[in-house]
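Visitor: Let me give you the structure first, and then I'll get to my questions.
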Amino acid sequence: MNTYYAANLLIFAGVDIIACIALNLQFGVSGIVNFAFIVFQAAGAYTAAVLSMPPDTAADYSFQIYFGGFNLPFPLPWIGGAVAGALLAVPIGLVVLRNLRSDYQAIALLVTSIIANTVINNARPWLNGAAGLALVPQPLQDQIDPATDTYFYFYIGLTAICVGLVWFMAARIVNSPFGRTLRAMRDQELAATALGKNPVALKMTMFIVGGAIAGLSGAILVGFLTVWAPSTWLYPETIILFAAVIVGGRGNNLGAVLGALLVPVGFEEVTRLLVNLNIGPPNFIPAMEWVLIGLFILGFLWFRPEGVRPEGHKVFPEGFESGVRVLGEHD
Amino acid sequence: MLLATDVHRHFEGMHAVDGVSLEVPRGQITGLIGPNGAGKSTFMAVLAGTMPATKGTFVFDGRDVTRMPAYRRARLGLVRTFQLSSEFARLTVLENLLVAAPRHRGESLLGALLGPGYWLADERRIVGEARRLLKRFGMSAKESDYAGNMSGGQKRLIEIMRALMLHPRCLLLDEPMSGVHPRVADEIQGYLHDLRRDGLTILMVEHELHFVEQLCDSVFVMAQGKLIGSGTMASLRRQQEIVDAYLVG
């Protein structure tokens, strides 16, 4: 295994873990079936790209057309990516989450994902259309040569820091009274409303938080790949992330991490290796990959709907109310 | 305490609630009875704000709440339970009660991110409160079980306890005895007696008329979306049109 392959695997794992934690906060904890999740990752990637790239009139960049080109130093493009994901969540959330029932929300978000991809694919003046953006500058590439192993280790470290930050935030949310209210809303929205909870405000909050984290994951990805195009964020990418959260365990952050390692990373890597075996026609293995992912989701929903790592069962110890420090939680 | 005036709720031409006006007196248990399809549960939903009224006004404790969404009415103390069990199935019994507690510092995103150091005192306070309630309702032994695994009667009790965690001023109970074992129904009756003694105002939809007779100070009767009578159960039994519409049998 060479360094490039290992770095590739670890950085993709980090990005998928971040994305799955965000989707778990929205879908697993809050019950928002965000079939447009990948759009928020794309928003973060495009934003980070145009913030870090020079204007499209610059010498090496004139073969593509895009707005902006602000040449901002790291970490501003990554912060911008997260902010873009959060900001995009506001109008979409206000349209979708206020008046629609949850099943219609899912359909509306799926349609949003398809529309967004189609528009960006065809509107070349905005983000270079189907060809996408290339030569996206990498973080601190002027200080560390991106072609070296050192840079790979550096990027793995940056990704790990982001995974840690996102994990910390998500753990605080899930293990708090706020997280408990989100789970109550997920189980019985009307009953939660009748207990004084505002479901629109709760869902909007988690839609924005999840959008910001998705945006960050896109920024990390584009900084590593240096290219980003509509073909990388088609709606089936969201389905893979849903599969990961379902397989890992809805409502459990650790489950989301396990799911990310099992499905987008493990499953895709295994099937990618199978391509080398030259079984069947050229597209046989990639097609089978989708069939297997579908069967994987169905199998888990049928035989183990709670996933590999089910949601935690919170137990308050005797005497908690009078000051026993330990917050009991076990599975 | 609660005044509803000329309340209508129409569903594409069908008048589920058709010009109902009633007043729920403070500190009493008021019954709302009627045959299936009379519009009682729809009226309760409209009263609580979980379903919008087509027309009508609501005044709660001197305040016009007509345009107020359900969650804000609940925060004011107008709290409902549901005809069908509505427990938070994947939360424990204790957590079901904790969710309902108002003014918890850890219940906002910022509070959550600040961590237990910021909200743990509130958590301790409401766990103590919830445990006292569980003890009062004889469910302490079940506090760590998933609410979804409880029996029908226990789920009813969870709903009532959950509503009480909000410190309601008026409780809207939709068929609290429905689908409940007779022994548990008697227990619920005892708890409701206690709550009235504590001064809580209750409006209760119920089909089991002997409970209504024993619990309710006054009773309203609905049929086909309209209010057709009111009074004590004894006085209602003497009105032939009400007996014909509902009380036969």
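Quick note, the sequences are listed as chains W and L, same order.
Under the working numbering, read the first sequence as residues 821 to 1151, first letter to last.
Under the working numbering, read the second sequence as residues 30 to 278, first letter to last.
The beta-carbon is built from N, C-alpha and C at its ideal position, and this holds for glycine as well.
1) Can you check which of these residues, L:A170, L:C199 and L:V241, is closest to G219 of chain L by C-alpha distance?
2) Using 10 angstroms around the beta-carbon of R191 of chain L, count the other beta-carbons present and answer buried if the total reaches 16, otherwise exposed.
3) Is any beta-carbon of chain L found at less than 7 Å from that of R992 of chain W?
4) Alpha carbon to alpha carbon, what distance is there between T968 of chain W and F998 of chain W?
5) Can you tell me whether W1122 of chain W is buried or exposed, with buried defined as 16 or more other CB within 10 angstroms of its CB?
6) Would you decide whether Y866 of chain W is buried or exposed? Buried here means 16 or more other CB atoms lie within 10 Å of its CB.
7) Going along chain L in order, which residues have a C-beta closer than 8 Å to the C-beta of S882 of chain W?
8) Do you know how far the Cα of I1033 of chain W is from the Cα of L1022 of chain W?
9) I'd like to confirm something about L947 of chain W: is its beta-carbon nearer than 6 Å to some heavy atom of the ligand HEM, or not?
10) On the premise that V122 of chain L lies in contact with K171 of chain L, defined as a C-beta separation below 8 Å, what is that separation, rounded to the nearest angstrom?
11) Applying the criterion that 16 or more other CB atoms from any shown protein chain within 10 Å of the CB defines a buried residue, is K164 of chain L buried or exposed?
12) Since P869 of chain W and W1048 of chain W should fall inside the 8 Å C-beta cutoff, what is the C-beta to C-beta distance between them, to a whole number of angstroms?
13) My output table needs one value for G1148 of chain W: the three-state DSSP class, helix, strand or coil.
14) How big is the Cα-Cα spacing for V250 of chain L and S264 of chain L?
15) Look at the alpha carbon of M1026 of chain W and the alpha carbon of S850 of chain W, and state the distance between them as a whole number of angstroms.
16) According to DSSP, is E41 of chain L part of a helix, a strand, or is it coil?
17) Near K69 of chain L, what residues of its chain come up, given a Cβ to Cβ distance below 6 Å and the 5 sequence neighbours on each side ignored?
18) Residue range of the alpha helix (DSSP H) that R226 of chain L falls in?
19) Name the residue from W:T877, W:F1116, W:P1056 and W:G1132 whose alpha carbon lies nearest to the alpha carbon of N854 of chain W.
20) Determine the DSSP secondary structure at R267 of chain L, reduced to helix, strand or coil.
21) Cβ of G1043 of chain W within 7 Å of Cβ of G848 of chain W?
22) Look up H239 of chain L in the DSSP assignment and say whether it is helix, strand or coil.
23) Of all the residues that make up the stretch 1123-1143 of chain W, which are near chain L by a beta-carbon distance shorter than 8 Å?
24) Is the number of C-beta pairs between the stretch 45-54 of chain L and the stretch 1131-1144 of chain W that are closer than 8 Å three or more?
25) Quick one: what does DSSP say K1023 of chain W is sitting in, helix, strand or coil?
26) Got a sec, what are the start and stop residues for the alpha helix (DSSP H) M190 of chain L sits in?
27) I'd like the list of long-range same chain contacts for S1159 of chain W, defined as Cβ closer than 7 Å, with 5 residues on each side in sequence excluded.
28) Could you tell me which of W:N942, W:P957, W:L845 and W:I1117 sits nearest to F894 of chain W, measuring between CA atoms?
29) Taking the alpha-carbon positions, what's the Y886 of chain W to N948 of chain W distance?
30) Is there a C-beta anywhere in chain L that falls below 7 Å from the one on F998 of chain W?
31) For S1154 of chain W, count the other beta carbons within 10 Å of its own beta carbon; 16 or more makes it buried, fewer makes it exposed. Which is it?
32) What are the start and end residues of the beta strand (DSSP E) that includes T59 of chain L?
33) Helix, strand or coil for E1138 of chain W, going by three-state DSSP, please let me know.
34) Tell me, please, whether the stretch 175-187 of chain L touches the stretch 139-158 of chain L by the rule of three or more beta-carbon pairs shorter than 8 Å.
35) So, is D836 of chain W buried or exposed, given that buried needs 16 or more other C-beta atoms within 10 angstroms?
36) Residues in the same chain with beta-carbon distance under 8 Å from H222 of chain L, minus the five sequence neighbours each way, listed in chain order, please.
Guide: Let's see:
1) L:V241
2) buried
3) yes
4) 44 Å
5) exposed
6) buried
7) The premise fails here: S882 of chain W is roughly 44 Å from chain L at the closest Cβ pair, so nothing lies under 8 Å.
8) 17 Å
9) Inclusion of the ligand HEM in the displayed structure is not the case, the ligand content being empty and no account of it being possible.
10) 5 Å
11) exposed
12) According to the sequence as given, residue 869 of chain W is Ala; it is not Pro. That belief holds up - the Cβ atoms of A869 of chain W and W1048 of chain W are roughly 6 Å apart, short of 8 Å.
13) Only weak support is given to the placement of G1148 of chain W: the predicted model assigns it a pLDDT of 48, under 50, and the value that follows is read from those uncertain coordinates. DSSP places G1148 of chain W in coil when its eight states are reduced to three.
14) 12 Å
15) 7 Å
16) coil
17) L61, G63, V234 and M251
18) P211 to R226
19) W:P1056
20) coil
21) no
22) helix
23) E1131, H1133, K1134, V1135, F1136, F1140, E1141, S1142 and G1143
24) no
25) helix
26) G181 to M194
27) Missing from the structure shown is residue 1159 of chain W; chain W here goes from 821 to 1151 and no further.
28) W:P957
29) 6 Å
30) yes
31) Given a span of 821 to 1151 for chain W in the structure shown, any question on residue 1154 of chain W remains unanswerable.
32) I58 to I62
33) coil
34) no
35) buried
36) L244
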